[in-house]
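Number of protein chains: 2
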Amino acid sequence: MRLVIADCAAHYTGRLSAHLPLARRLVVVKADGSVLLHSDGGSYKPLNWMSPPCTLVVSEPDDDEAAAGLTAVWDVQHTKSDDHLRIEIYEVVLDTTADLGIDPGLVKEGVEAHLQALLAEQIELLGPGHTLVRREYMTAIGPVDILARDPRGGSVAIEIKRRGEIDGVEQLTRYLDLLNRDPLIAPVRGVFAAQQIKPQARVLATDRGIECLVLDYDAMRGVDDVDARLF
Amino acid sequence: MRLVIADCAAHYTGRLSAHLPLARRLVVVKADGSVLLHSDGGSYKPLNWMSPPCTLVVSEPDDDEAAAGLTAVWDVQHTKSDDHLRIEIYEVVLDTTADLGIDPGLVKEGVEAHLQALLAEQIELLGPGHTLVRREYMTAIGPVDILARDPRGGSVAIEIKRRGEIDGVEQLTRYLDLLNRDPLIAPVRGVFAAQQIKPQARVLATDRGIECLVLDYDAMRGVDDVDARLF
DNA sequence: CATTGCATGTCGTCG
DNA sequence: CGACGACGTGCAATG
């Protein structure tokens with residue numbers, strides 16, 4: 032990894048065109064040739080960047096450029112597309128290189144998959160007498176997160192999100208349309224389950240006869256722990 | 032901006048829990064206190080990070096930790112939520128600070144807004160005799176990209192995407208449902224316009240009686256340049 | 001390899 | 001300040 036702090040300007044052409052005026056920035060060149068241009072604010076997203084696979088070519092400025100203060104021109108070319116990033120380097124404040132080796136990577140816990148597992152275990156959160164049919168119930172247009180059966184034997188399709196927004200309701204609606212065409216399992220109720228449900232999503236769901244269920248992740252995890260302790 | 036290259040481990044708790052095993056990494060601390068942990072690969076997204084606003088507290092390791100090789104513990108606490116990132120610093124290879132100042136920011140061209148402007152100017156791409164009613168036609172559920180009128184006086188609602196996928200068709204469908212409830216402008220035709228339209232989106236649109244229009248950005252820009260030259 | 005759906009998404013914009 | 005849609009979205013899992 033090479034770290035450079037320098038006054039620089041940049042031009043990107045690819046899916047769009049963009050320009051970055053002259054200013055002092057951090058330039059990171061990773062081992063795979065990818066490049067990040069960071070300012071001293073914003074968030075983790077760089078002002079501009081080039082994703083791997085790509086190649087970096089450093090060249091000397093021509094006479095006019097040198098007269099304007101350029102000390103180097105970096106051309107970063109994406110290997111598989113015509114995306115291109117040109118960085119004009121002016122005064123360099125820091126230029127250092129370090130060998131980092133391969134990273135073991137991030138270990139995650141607590142994503143949507145976990146919510147789905149918990150709700151499958153605690154399917155009676157839908158109401159007493161509900162039973163699990165199966166998780167990831169396959170249909171022609173993709174898997175329904177959970178398919179369940181209500182106390183009267185009717186089918187229930189459940190879509191789970193961490194945060195429930197309109198596109199989740201649309202997704203569930205497509206599943207319901209499809210499932211309700213199958214006379215073997217129709218009629219199918221829909222349940223939209225999420226840790227938080229946005230008002231517009233709730234309105235749309237209600238308008239379509241889809242039930243909303245707010246999930247309390249901590250409480251569900253707590254029940255799970257208690258179960259684990261008892262058995 | 033402070034740059035540190037060090038052997039480190041990290042734990043994040045917030046919207047999820049995650050752990051980063053000991054390895055050599057780049058740690059960037061920005062002026063607003065935000066922190067990025069980068070490995071020497073991947074992409075522009077850090078392995079782990081904390082977004083502003085947040086505060087960084089550096090503390091000494093306790094005896095056990097010091098015996099294990101820790102030289103410092105960094106606790107990054109988000110100011111408005113309970114997101115927390117703890118970084119355990121072991122051997123430090125580089126530790127440098129630079130003042131970058133405020134960045135003038137990125138200047139963009141060629142996004143969806145530009146496509147919309149071009150199609151508004153070149154509305155006859157829909158077919159001869161079409162006229163523009165207005166861009167960003169407001170409805171209760173959001174703005175329709177373009178509202179136009181066909182040669183026979185009927186209304187046309189246009190949704191524009193760079194890449195046309197299913198959710199764009201869903202969005203246009205919601206607008207059409209709403210607009211067609213208004214007797215003053217009903218019936219309203221739908222046109223789904225994009226530089227590229229995915230097969231599934233085309234099938235769904237066609238099934239719903241929505242017309243698909245593939246936009247050639249370069250050609251449209253070319254026409255625009257010619258116009259600009261002529262007038 | 002193309003498609004799909006998630007993300008600690010981030011980021012602007014508008015009400 | 002919250003909600004919503006766009007993004008050079010990136011990214012992994014899957015058919």
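First to last, the protein sequences are chains A and B. Convert by adding 31 to the 1-based position in the first sequence; the result is the number in the numbering used here. Convert by adding 31 to the 1-based position in the second sequence; the result is the number in the numbering used here. Cβ coordinates follow ideal geometry from the N, Cα and C atoms, glycine included. This structure is a prediction, so every number in the text was calculated from the model and none was measured.
- Per the Cβ contact rule, the segment 71 to 80 of chain B is not in contact with the segment 88 to 99 of chain B (fewer than 3 Cβ pairs under 8 angstroms).
- Of all residues in the segment 175 to 196 of chain B, none comes within less than 7 angstroms of chain A when Cβ atoms are compared.
- The three-state reading of DSSP puts A37/B in strand, counting E and B together.
- Taking A144/B as the centre and dropping the five residues before and after it, the same chain places no C-beta closer than 8 angstroms to its C-beta.
- In the DSSP assignment, T127/B falls outside any alpha helix (DSSP H) and lies within the beta strand (DSSP E) extending over 115 to 128.
- When secondary structure is reduced to three states using DSSP, D198/B falls in the helix class.
- Between S74/A and chain B, the shortest Cβ-Cβ separation is below 8 angstroms.
- Legend: CB atoms of the segment 108 to 135 of chain A lying less than 7 angstroms from CB atoms of chain B belong to residues V124, L125, T127, A129, L131, G132, D134, P135.
- Annotation: Q231/A is outside any beta strand (DSSP E); the continuous alpha helix (DSSP H) that includes it extends over 230 to 238.
- Per DSSP, the unbroken beta strand (DSSP E) holding D106/A starts and ends at 103 to 109.
- For a cut-off of 8 angstroms, the C-beta gap from L116/B to Y43/B is around 5 angstroms, short enough to register as a contact.
- DSSP, reduced to helix, strand and coil, places R193/A within a strand of the structure shown.
- Taking 8 angstroms as the threshold, the shortest C-beta distance from I36/B to chain A falls below it.
- Taking a beta-carbon distance threshold of 8 angstroms, A54/B counts as an interface residue toward chain A.
- Boundaries for L146/A: no beta strand (DSSP E) harbours it, while the alpha helix (DSSP H) harbouring it runs 143 to 152, taken from the DSSP string.
- Short of 6 angstroms from the beta carbon of I154/B, and not among the five residues preceding or following it, lie these beta carbons of its own chain, in chain order: H161, L163, A179.
- Between Q147/A and R194/A, the gap from beta carbon to beta carbon reaches 8 angstroms or more.
- Per the C-alpha coordinates, the member of L51/A, P218/A, A40/A, L34/A positioned closest to A99/A is A40/A.
- Within a 10 Å sphere around the beta-carbon of S65/A sit 16 or more other beta-carbons, which makes this residue buried.
- In the structure shown, E91/B falls within a coil segment according to DSSP collapsed to helix, strand and coil.
- At a cut-off of 8 angstroms between C-beta atoms, P214/A does not count as an interface residue with respect to chain B.
- Among the CB atoms of chain B, one or more fall inside 8 angstroms of the CB of W80/A.
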